[in-house]
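Structure, as structure tokens:
In the working numbering, the protein residues as written are 282 to 591.
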């Protein structure tokens, strides 16, 4: 069994991932950000104004917007509108239930109008499993939200409005085959609810923050780390998302990935803030900051914000 995570290095950045705030209308058991309705941290307007400039300067292809519920940031829509003349893919990591909160009823129409890609969490096609992880009432709202998105044209065609779902295990185990599970999701959601979507992403639960604390209380944290290390797959190193992504927190600080961001884990040689990126020109060839949690991304078929790696 491998003992320490190997060295890996940055490459040309293709994705800018921003966490624009921790406020969320949910408080999920597995949330590595510890988001909840009580959180107040949010990205300032000054930092948000730098995002289009950084995208243009470094020719970034994808803006990946996360939270919390990112849509709850008061500048969420203005940011998307400010990128309308840029040739860039925009991803909204959406929890689906936000559509039914007061003031967000027209959000699906806004996302469709701006051709924003939606990556939506649906950890199971069974109601009981979803609500065990995400709370009472979440499943029915999620199903209704997916139907609404389908009616707007999401998830209908490969070249149309993109609707991708995310699966992560309820228990501390590795996800099953993404290809097989996607087929199951499509068959069951279509048969039961007449719902369609583009892709299913299977993501390994990251043992940090709220989820790590939950595992620790149940004496499952150490066995989970052993499982991740025992299933280390060298082949996944080549495709790790942290190599072509920079992750920015609500304060404008830069990390190699969203998980390092939550651990405040940073390397020594890269840019520290969005202001650094604007004031200097960086070559992305420095070493990525790694620790034991990185084994979650290399275990088995691998894991990233875009699903499996191999």
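All C-beta atoms in this analysis are idealised placements derived from N, C-alpha and C, irrespective of residue type, glycine included. This one's a predicted model, so the numbers in the text were calculated from it and none came from an experiment.
The C-alpha of residue 468 lies about 12 Å from the C-alpha of residue 481. Contact between the stretch 443-454 and the stretch 495-508 is present, with at least three C-beta pairs closer than 8 Å.
A contact is defined here as three or more CB-CB pairs under 8 Å, and the stretch 342-356 fails this definition with respect to the stretch 424-433. Ranked by Cα distance from residue 337, the options 327, 294, 300 and 304 are led by 294.
Secondary structure note for residue 445: it is in no alpha helix (DSSP H), and the uninterrupted beta strand (DSSP E) holding it is 444-448. In the DSSP assignment, residue 341 falls outside any alpha helix (DSSP H), carrying neither H nor E. Note on the stretch 421-496: whole beta strand (DSSP E) runs with a minimum of 3 residues are 444-448 and 480-483, in chain order.
The Cβ atoms of residue 547 and residue 300 lie no closer than 7 Å to each other. An exposed status is given to residue 503, since fewer than 16 other beta-carbon atoms sit within 10 Å of its beta-carbon. Remark: C-beta atoms of residue 331 and residue 518 do not approach each other more closely than 7 Å. Excluding residues up to 5 positions away in sequence, 453, 488 and 496 lie with their Cβ nearer than 6 Å to the Cβ of residue 505 in the same chain. In this structure residue 352 is buried. Its beta-carbon is surrounded by 16 or more other beta-carbon atoms within 10 angstroms.
Under DSSP, residue 401 takes part in a beta bridge, and its partners are 375 and 446. The criterion of a C-beta distance shorter than 7 Å is not satisfied by residue 525 and residue 576. Nearest C-alpha to residue 347 among 362, 368, 462 and 373: 373. For residue 503, no beta strand (DSSP E) segment is defined; the enclosing uninterrupted segment is the alpha helix (DSSP H) at 502-511. Contact annotation: residue 298 and residue 345 have beta-carbon atoms nearer than 7 Å. In the DSSP assignment, residue 300 forms a beta bridge with 347. Using a Cβ-Cβ distance cut-off of 8 Å, the stretch 387-405 and the stretch 363-373 are in contact, since at least three pairs of beta carbons, one from each stretch, lie closer than that value. The Cβ atoms of residue 558 and residue 411 do not sit closer than 7 Å to each other. In the DSSP assignment, residue 579 falls outside any beta strand (DSSP E) and lies within the alpha helix (DSSP H) extending over 576-579.
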